[in-house]
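Engineer: Have a look at this one before I ask anything.
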Amino acid sequence: MSIKNTTKGGLLCIITALKLLYEQARIKKIIDLDLSTFIIYLYSIMIPMSLNPYIETNIVHKSKKYENLDQDHAFNNLTEIDMFAECFNHIFYQDKNLNLLKASAFIKRLFTVLLGFPEKSILKSLELIQKLINKHPRLNSFLNSNENYGEGVYNGEIDNPDLSNPYLSFYWELKHYSPKISKIANNFFR
């Protein structure tokens, strides 16, 4: 398995771009980097991530192909769900001008892919969503509403968050077989 053909390789690219951009902003240097390609890619790999049985496993350490890598490097010790969480944090918690449509699309897709995640990944993802809703309470109105906002239909198959119409869907995915997850998910409706 080549790391360049995995979602982990894509997540590493996104993290690198985001860290570069935010570090440049921190030291007040101007860098013109359009993150939309990275954001769309992150959105598009959420479904393949949900089908990955190794999402909570550090594959680099399990493969002899990677035995020469620096085992102490932080990214060699991260799982895909950890890397996804880092990307999500950079995109939605460090940006002062949150795009509610994009955030709603990510939340809707994340709720959908949670159905395929193992329990630890579900809990981490629910924590990300709850943190985002706490920071931007307007997002909670979309979760707690039975109304549709806008025209058309929700398109969960499209890989562009700006075109998915997340306001035109309901969050039925919050019903889960695990009592622990169901309890946490039901807190979204309070």
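Here my numbering is used: the first residue of the sequence shown is -6, the next is one more, and so on. Heads up, the beta-carbon is just placed ideally off N, CA and C, and yes, glycines get one too.
Can you grab the Cα-Cα spacing for the pair K117 / L4, in whole Å?
Structural biologist: Counting from 1 along the sequence shown, the entry for residue 117 is found at position 124. Counting from 1 along the sequence shown, the entry for residue 4 is found at position 11. Answer to the nearest angstrom: the Cα atoms are 17 Å apart.
Engineer: Please report the straight-line C-alpha distance between F110 and F104, rounded to a whole angstrom.
Structural biologist: Numbered from 1 along the sequence shown, position 117 holds the residue referred to as residue 110. Numbered from 1 along the sequence shown, position 111 holds the residue referred to as residue 104. Looking at the two C-alpha atoms, the distance is approximately 10 Å.
Engineer: H129 lies in the alpha helix (DSSP H); which residues open and close that run?
Structural biologist: Looking up residue 129 in the sequence shown gives position 136. Here H129 belongs to no alpha helix (DSSP H), and DSSP marks it neither H nor E.
Engineer: Would you mind working out which of I174, A78, N133 sits nearest M42, comparing C-alpha positions?
Structural biologist: Translated into the one-based positions of the sequence shown, residue 42 becomes position 49. Out of I174, A78, N133, A78 has the C-alpha closest to the C-alpha of M42.
Engineer: Around the Cβ of T9, are there at least 16 other Cβ atoms within 10 angstroms (buried) or fewer (exposed)?
Structural biologist: Position 16 of the sequence shown, counted from the start, is the residue given in the question as residue 9. Burial call: exposed.
Engineer: Is it buried or exposed, S29, if we count other Cβ atoms within 10 angstroms and call 16 or more buried?
Structural biologist: Looking up residue 29 in the sequence shown gives position 36. It is exposed - the Cβ of S29 has fewer than 16 other Cβ atoms within 10 Å.
Engineer: Which same chain residues end up closer than 6 Å to L119 when comparing Cβ atoms and leaving out the 5 residues on each side of it in sequence?
Structural biologist: Along the sequence shown, read from residue 1 onward, the residue named residue 119 stands at position 126. The residues are I177.
Engineer: Work out the CA separation of L107 and E49 for me, nearest whole Å.
Structural biologist: For the purposes of this step, residue 49 is taken as residue 56 along the sequence shown, with counting starting at 1. For the purposes of this step, residue 107 is taken as residue 114 along the sequence shown, with counting starting at 1. A straight-line Cα-Cα distance of about 13 Å links E49 and L107.
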